[in-house]
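Single-structure report; data block below.
In the working numbering, the protein residues as written are 126 to 188.
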């Protein structure tokens, strides 16, 4: 049997973090700086090209 150096430390149950708090700890993490802004700009460009080629979408105006 392997000797575990930490086997003498009792494992106490940890309180569960609420999901609302857990989500907040990941919000500041942005591994690709500027990526979201670049995607938004591409989306705006695509919408502008669509508008120029097809015209406004009547279905969206009724929303």
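C-beta atoms are modelled at their ideal positions from N, C-alpha and C, and glycine is treated no differently.
| Asked | Found |
| --- | --- |
| Which complete beta strand (DSSP E) runs does the region 127–161 hold, if anything under 3 residues is left out? | none |
| At the level of alpha carbons, what is the spacing between residue 195 and residue 146? | Since the first residue shown for the chain is 126 and the last is 188, residue 195 is missing from the structure and cannot be characterised. |
| Where residue 160 and residue 178 are concerned, what is the direct C-alpha to C-alpha distance, given to the nearest angstrom? | 27 Å |
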